[in-house]
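Trainee: In the working numbering, the protein residues as written are 318 to 486. Glycine included, each C-beta is placed from N, C-alpha and C at the ideal position. Let me give you the structure first, and then I'll get to my questions.
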(Lines of atoms letter the chains of each structure in order from A; the text may use other names.)
(Lines give C-alpha, C1' and ligand atoms only; values in the text may rest on other atoms or scores of the structure.)
Protein backbone atom coordinates (compact mmCIF):
# COMPACT_ATOMS: atom_id res chain seq x y z
CA UNK A 318 0.00 0.00 0.00
CA UNK A 319 2.84 2.42 0.88
CA UNK A 320 4.50 1.78 -2.50
CA UNK A 321 1.24 2.55 -4.27
CA UNK A 322 0.86 5.82 -2.34
CA UNK A 323 4.43 6.83 -3.13
CA UNK A 324 3.95 5.99 -6.81
CA UNK A 325 0.66 7.89 -6.95
CA UNK A 326 2.19 10.88 -5.16
CA UNK A 327 5.14 10.93 -7.56
CA UNK A 328 2.77 10.75 -10.52
CA UNK A 329 0.68 13.63 -9.18
CA UNK A 330 3.75 15.76 -8.49
CA UNK A 331 5.15 15.16 -11.95
CA UNK A 332 1.78 15.83 -13.56
CA UNK A 333 1.28 19.02 -11.58
CA UNK A 334 4.77 20.33 -12.24
CA UNK A 335 4.17 20.15 -15.99
CA UNK A 336 0.84 21.97 -15.83
CA UNK A 337 1.60 24.88 -13.50
CA UNK A 338 3.60 27.20 -15.71
CA UNK A 339 3.51 30.95 -15.72
CA UNK A 340 1.84 32.34 -18.83
CA UNK A 341 4.21 32.04 -21.77
CA UNK A 342 5.18 35.41 -23.24
CA UNK A 343 5.60 35.86 -26.97
CA UNK A 344 7.20 38.59 -29.00
CA UNK A 345 5.10 41.72 -29.46
CA UNK A 346 4.74 41.62 -33.23
CA UNK A 347 5.81 39.49 -36.18
CA UNK A 348 5.89 40.82 -39.73
CA UNK A 349 4.85 37.74 -41.69
CA UNK A 350 6.49 38.94 -44.92
CA UNK A 351 9.86 39.06 -43.12
CA UNK A 352 9.22 35.73 -41.38
CA UNK A 353 8.51 33.82 -44.60
CA UNK A 354 11.34 31.85 -46.16
CA UNK A 355 13.61 29.06 -44.98
CA UNK A 356 14.71 28.44 -41.40
CA UNK A 357 17.28 25.83 -40.32
CA UNK A 358 16.78 23.91 -37.11
CA UNK A 359 19.64 24.43 -34.66
CA UNK A 360 18.12 22.56 -31.69
CA UNK A 361 14.82 21.05 -30.55
CA UNK A 362 13.11 19.04 -27.91
CA UNK A 363 12.92 15.47 -29.21
CA UNK A 364 9.62 14.07 -30.45
CA UNK A 365 8.69 10.98 -32.43
CA UNK A 366 8.08 12.89 -35.66
CA UNK A 367 11.67 14.20 -35.76
CA UNK A 368 13.48 11.27 -34.17
CA UNK A 369 16.72 10.64 -36.02
CA UNK A 370 16.44 13.75 -38.20
CA UNK A 371 19.37 15.83 -39.40
CA UNK A 372 19.54 18.73 -41.85
CA UNK A 373 16.10 19.85 -40.71
CA UNK A 374 14.61 22.99 -42.21
CA UNK A 375 11.22 24.63 -42.50
CA UNK A 376 10.10 26.85 -45.36
CA UNK A 377 7.14 29.17 -44.92
CA UNK A 378 5.25 30.77 -47.81
CA UNK A 379 1.83 32.35 -48.31
CA UNK A 380 -1.00 30.27 -49.71
CA UNK A 381 -3.71 31.58 -52.02
CA UNK A 382 -6.27 31.32 -49.20
CA UNK A 383 -4.26 33.66 -46.94
CA UNK A 384 -2.91 30.87 -44.72
CA UNK A 385 0.77 30.00 -44.47
CA UNK A 386 2.19 26.93 -46.19
CA UNK A 387 4.64 25.05 -43.97
CA UNK A 388 7.12 22.72 -45.65
CA UNK A 389 9.27 20.78 -43.20
CA UNK A 390 12.21 18.75 -44.50
CA UNK A 391 14.39 16.28 -42.67
CA UNK A 392 17.18 13.89 -43.60
CA UNK A 393 16.43 10.48 -42.05
CA UNK A 394 19.11 7.88 -42.70
CA UNK A 395 20.14 9.51 -45.96
CA UNK A 396 16.61 9.97 -47.28
CA UNK A 397 14.97 13.38 -47.40
CA UNK A 398 11.44 13.34 -45.99
CA UNK A 399 8.89 16.12 -46.22
CA UNK A 400 5.79 17.14 -44.33
CA UNK A 401 3.46 19.81 -45.67
CA UNK A 402 1.21 21.71 -43.32
CA UNK A 403 -0.65 24.95 -42.97
CA UNK A 404 -0.70 27.69 -40.37
CA UNK A 405 -2.61 30.81 -39.49
CA UNK A 406 -2.12 33.58 -36.91
CA UNK A 407 -4.62 33.64 -34.05
CA UNK A 408 -4.40 37.41 -33.51
CA UNK A 409 -3.08 40.61 -35.04
CA UNK A 410 0.39 40.22 -33.46
CA UNK A 411 1.14 37.17 -35.66
CA UNK A 412 3.19 35.86 -32.70
CA UNK A 413 0.80 32.99 -31.96
CA UNK A 414 -0.04 30.65 -34.77
CA UNK A 415 -1.99 27.43 -35.14
CA UNK A 416 -0.24 24.81 -37.28
CA UNK A 417 -1.62 21.60 -38.74
CA UNK A 418 -0.02 18.67 -40.51
CA UNK A 419 -2.93 16.31 -39.81
CA UNK A 420 -6.23 17.57 -41.18
CA UNK A 421 -8.38 19.39 -38.67
CA UNK A 422 -5.93 19.01 -35.76
CA UNK A 423 -3.98 22.20 -34.99
CA UNK A 424 -1.17 22.77 -32.51
CA UNK A 425 0.22 25.92 -30.95
CA UNK A 426 3.23 27.57 -32.57
CA UNK A 427 4.27 30.54 -30.47
CA UNK A 428 7.15 32.84 -31.35
CA UNK A 429 8.98 33.40 -28.06
CA UNK A 430 12.13 35.16 -29.28
CA UNK A 431 12.79 36.76 -32.65
CA UNK A 432 15.85 38.62 -33.82
CA UNK A 433 15.01 42.16 -34.96
CA UNK A 434 16.55 41.29 -38.35
CA UNK A 435 14.75 37.93 -38.44
CA UNK A 436 18.02 35.95 -38.31
CA UNK A 437 16.92 33.58 -35.52
CA UNK A 438 13.69 32.58 -33.83
CA UNK A 439 12.70 30.47 -30.82
CA UNK A 440 9.40 28.61 -31.08
CA UNK A 441 7.48 27.02 -28.22
CA UNK A 442 4.01 26.48 -26.83
CA UNK A 443 2.26 26.85 -23.45
CA UNK A 444 2.80 23.29 -22.13
CA UNK A 445 6.58 23.63 -22.72
CA UNK A 446 6.64 20.17 -24.36
CA UNK A 447 7.83 21.54 -27.71
CA UNK A 448 10.74 23.86 -28.40
CA UNK A 449 12.71 24.77 -31.50
CA UNK A 450 15.65 27.10 -32.07
CA UNK A 451 15.80 28.11 -35.72
CA UNK A 452 18.21 30.19 -37.75
CA UNK A 453 18.36 31.54 -41.29
CA UNK A 454 21.76 29.88 -41.56
CA UNK A 455 22.85 26.32 -40.75
CA UNK A 456 25.13 27.54 -37.97
CA UNK A 457 24.40 30.09 -35.29
CA UNK A 458 26.92 32.40 -33.66
CA UNK A 459 27.86 31.09 -30.22
CA UNK A 460 27.21 34.47 -28.61
CA UNK A 461 23.61 34.45 -29.91
CA UNK A 462 23.08 30.84 -28.90
CA UNK A 463 24.42 31.54 -25.40
CA UNK A 464 21.96 34.43 -25.04
CA UNK A 465 19.05 32.19 -26.06
CA UNK A 466 20.13 29.38 -23.72
CA UNK A 467 20.40 31.84 -20.85
CA UNK A 468 16.87 33.12 -21.42
CA UNK A 469 15.11 29.75 -21.90
CA UNK A 470 14.86 28.89 -18.17
CA UNK A 471 13.15 32.24 -17.52
CA UNK A 472 10.46 31.08 -19.97
CA UNK A 473 10.04 27.74 -18.19
CA UNK A 474 12.19 25.69 -20.57
CA UNK A 475 15.05 23.46 -19.43
CA UNK A 476 18.08 23.43 -21.70
CA UNK A 477 19.24 19.88 -20.87
CA UNK A 478 16.64 18.13 -23.10
CA UNK A 479 17.73 20.04 -26.21
CA UNK A 480 18.76 17.86 -29.14
CA UNK A 481 21.37 19.61 -31.30
CA UNK A 482 20.45 19.13 -34.92
CA UNK A 483 23.30 18.15 -37.26
CA UNK A 484 23.35 20.50 -40.26
CA UNK A 485 25.60 19.49 -43.12
CA UNK A 486 26.19 21.81 -46.07
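I need the straight-line Cα distance from residue 391 to residue 452, nearest angstrom please.
Mentor: Working through the chain shown from its first residue, we reach residue 391 at position 74. Working through the chain shown from its first residue, we reach residue 452 at position 135. Approximately 15 Å between the Cα atoms of the pair.
Trainee: Residue range of the alpha helix (DSSP H) that residue 353 falls in?
Mentor: By 1-based counting over the chain shown, the position of residue 353 is 36. Here residue 353 belongs to no alpha helix (DSSP H), and DSSP marks it neither H nor E.
Trainee: Might you give, ordered along the chain, the residues of its own chain that have their beta carbon closer than 6 Å to the beta carbon of residue 486, omitting 5 neighbours on each side?
Mentor: Indexing the chain shown from 1 puts residue 486 at position 169. Contacts found: none.
Trainee: If you compare alpha carbons, which of 401, 422 and 430 is closest to residue 412?
Mentor: Start at 1 with the first residue of the chain shown, and residue 412 comes out as number 95. Taking only the C-alpha atoms, the option nearest residue 412 is 430.
Trainee: Span of the beta strand (DSSP E) holding residue 376?
Mentor: Start at 1 with the first residue of the chain shown, and residue 376 comes out as number 59. Its beta strand (DSSP E) spans residues 370-379.
Trainee: Here's a check: name, in chain order, each residue in its chain whose Cβ is nearer than 7 Å to the Cβ of residue 405, leaving out the five neighbours to either side.
Mentor: The sequence position of residue 405 within the chain shown is 88, counting from 1. Result list for residue 405: 384, 385, 414 and 415, in chain order.
Trainee: Pick helix, strand or coil for residue 472, following the three-state DSSP scheme.
Mentor: Translated into positions along the chain shown, residue 472 becomes position 155. Here residue 472 sits in helix by DSSP.
Trainee: Just the C-alpha distance for residue 376 and residue 339, rounded to the nearest angstrom, thanks.
Mentor: By 1-based counting over the chain shown, the position of residue 376 is 59. By 1-based counting over the chain shown, the position of residue 339 is 22. Approximately 31 Å between the Cα atoms of the pair.
Trainee: Compare the beta carbon distance of residue 371 and residue 483 with 8 Å and say whether it is the shorter of the two.
Mentor: In the chain shown, counting from the first residue as 1, residue 371 sits at position 54. In the chain shown, counting from the first residue as 1, residue 483 sits at position 166. Taking 8 Å as the Cβ cut-off, residue 371 and residue 483 qualify as a contacting pair.
Trainee: If we call anything under 8 Å between Cβ atoms a contact, is residue 428 one with residue 343?
Mentor: Mapped onto the chain shown, residue 428 falls at position 111. Mapped onto the chain shown, residue 343 falls at position 26. Yes; because the gap between Cβ atoms is below 8 Å, this pair is in contact.
Trainee: Check residue 433 in the structure and name its three-state DSSP category.
Mentor: Mapped onto the chain shown, residue 433 falls at position 116. Here residue 433 sits in coil by DSSP.
Trainee: By alpha-carbon positions, which one of 455, 407 and 438 ends up nearest to residue 448?
Mentor: Taking the chain shown and counting its residues from 1, one reaches residue 448 at position 131. Of the candidates 455, 407 and 438, the one whose C-alpha sits nearest the C-alpha of residue 448 is 438.
Trainee: Output needed for residue 481: all residues of its chain with C-beta closer than 6 Å, excluding positions within five of it in sequence on either side, in chain order.
Mentor: Within the chain shown, residue 481 is the residue found at index 164, counting from 1. Cβ within range, chain order: 360.
Trainee: Return the CA-CA distance between residue 476 and residue 459, expressed in angstroms with no decimal places.
Mentor: Numbered from 1 along the chain shown, position 159 holds the residue referred to as residue 476. Numbered from 1 along the chain shown, position 142 holds the residue referred to as residue 459. Straight-line Cα distance between these residues: approximately 15 Å.
Trainee: Let me confirm a value: residue 397 is counted as buried when at least 16 other C-beta atoms fall within 10 Å, else exposed. Which label applies?
Mentor: Position 80 of the chain shown, counted from the start, is the residue given in the question as residue 397. Burial call: exposed.
Trainee: On the DSSP bridge list, what partners appear for residue 392?
Mentor: What you label residue 392 is simply residue 75 of the chain shown in a count that begins at 1. Answer is 371 and 397, bridged to residue 392.
Trainee: Give the straight-line distance between the Cα atoms of residue 394 and residue 365, rounded to the nearest whole angstrom.
Mentor: Sequence index remark: in the chain shown, residue 394 carries index 77 (1-based). Sequence index remark: in the chain shown, residue 365 carries index 48 (1-based). Looking at the two C-alpha atoms, the distance is approximately 15 Å.
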